[in-house]
Structures are given as C-alpha cells and as structure tokens.
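J.:
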Ligand code: SF4
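In the working numbering, the protein residues as written are 232 to 405.
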C-alpha cells in the first residue's frame, strides 16, 4: 500500500469490520438498533446484502460512513488477512485494533491537511515527523491499544500549540 492511498477505504481487503464493530440506534440514519461487536443482520459473509438499496432501506448512516482505510489496514497489516468469521475469538481484539487504527488514520488526515498552514519551520518539522511515524509504522494490536494514551495525546498537544493557524472548521473534516 502506498502512502498516497493509505486513507482510501478498500472493503475488498477488509472483513466488514465497520458492520461488526460499530453500534447504531434506530432513527433517521439506521432502520434498527445494533450493539457494538454484533454482526449486522444485513451482513452476508463480508458483504452488505442490501448495499445497492441502503438509502431506500433506511441506512443513510452506512452510506455516510468512511473508516478512512482503517479497516483494510487492520485486517491486512495487523491480522494478516484473517477474519472473525472463521475465527470468532478474534472479534474483540479486531474491534479494539480497528478503534485504534481509526484514531491513527484520523490524525494522518489532520496532519496531511495541516500541510497547507503557514507553520514555523520547527512546527512543520514536527508535523512531518508525526505524519511519517503514523504512515510508515507497522502497527501491532497492542500498539494500537496504547495509541490513544500515548502518541495520539502528543499529536493533539501539537495541534493545540498551532491552534492559532487553524480555521474553525479544521476539525470538522474527520
Ligand atoms: S446495513 Fe449493510 S452496510 Fe450497514 S452495517 Fe449492516 S451490513 Fe453494514
């Protein structure tokens, strides 16, 4: 996977993690309730059986959702292409890794977007350094579990430090 398309979602290389992991409530965006780590009842293998009629069937939330490539990266990079379908014991660790990778990819998206800001040389070096670390590192499940309490906080502090450069809408993109 090249760095350019790291945030591009490729469902064919995933194991339907969003349709397993995410919870939703019946309402305008979803036609029924689903608990976290419960396979959606519309799943068939790793595919959505109502993919072509999601809007008509009341699943606007599924159409709007994009994992930013976190699902396929987790399945391929952390789990070597395995699936919770064949190995249900993996459900919980895949759920945790997916949550961690989504946080990694959200910050890659923000760090890339910050490239256009008129940062000082020192801040630009820091931005570039964080981006390289997030994009090039080959993540393990345990590292993803720790990400939000370590490097993610460091990056968030970095963004706080450059907040004067940021438009109000900057964080809306993720
Ligand atoms: S309705 Fe389809 S896309 Fe939405 S969670 Fe269920 S299987 Fe996934």
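Don't be surprised by glycine CBs; every beta carbon is placed ideally from N, CA and C.
Mark residue 239 as exposed unless 16 or more other C-beta atoms lie within 10 angstroms of its C-beta, in which case mark it buried.
T.: By the neighbour-count rule (16 or more Cβ atoms within 10 Å), residue 239 is not buried but exposed.
J.: Can you tell me which residues fall inside 6 Å of the ligand SF4, judged by beta-carbon distance to its nearest heavy atom, and keep chain order?
T.: Listed along the chain, these residues meet the criterion: 250, 271, 273, 274, 279, 281, 290 and 293.
J.: Whole-angstrom Cβ separation of residue 338 and residue 386, contact assumed at under 8 Å?
T.: Residue 338 to residue 386, Cβ: 5 Å. Contact.
J.: I'd like to confirm the pairing. Which residues does DSSP put opposite residue 278 in its beta bridges?
T.: Paired residue(s): 275.
J.: Determine the closest residue to residue 406 out of 375, 327 and 382, with distance taken between C-alpha atoms.
T.: A question about residue 406 goes unanswered here, because the residues of the chain that appear run from 232 up to 405.
J.: Using the Cα positions of residue 250 and residue 344, report the straight-line distance between them to the nearest angstrom.
T.: Between residue 250 and residue 344, the C-alpha separation is close to 28 Å.
J.: Does the Cβ of residue 272 have 16 or more other Cβ atoms within 10 Å, making it buried, or fewer, making it exposed?
T.: Residue 272 should be labelled exposed.
J.: Using a Cβ-Cβ distance cut-off of 8 Å, determine whether residue 256 contacts chain D.
T.: Absent from the structure: chain D. Only one protein chain is present.
J.: Tell me, please, whether the region 279 to 297 touches the region 309 to 316 by the rule of three or more beta-carbon pairs shorter than 8 Å.
T.: With the cut-off at 8 Å, the region 279 to 297 and the region 309 to 316 do not touch.
J.: Please classify residue 411 as buried or exposed, where buried requires at least 16 neighbouring CB atoms within 10 angstroms.
T.: Lying before the first or after the last residue shown, residue 411 is absent from the chain, which here runs from 232 to 405.
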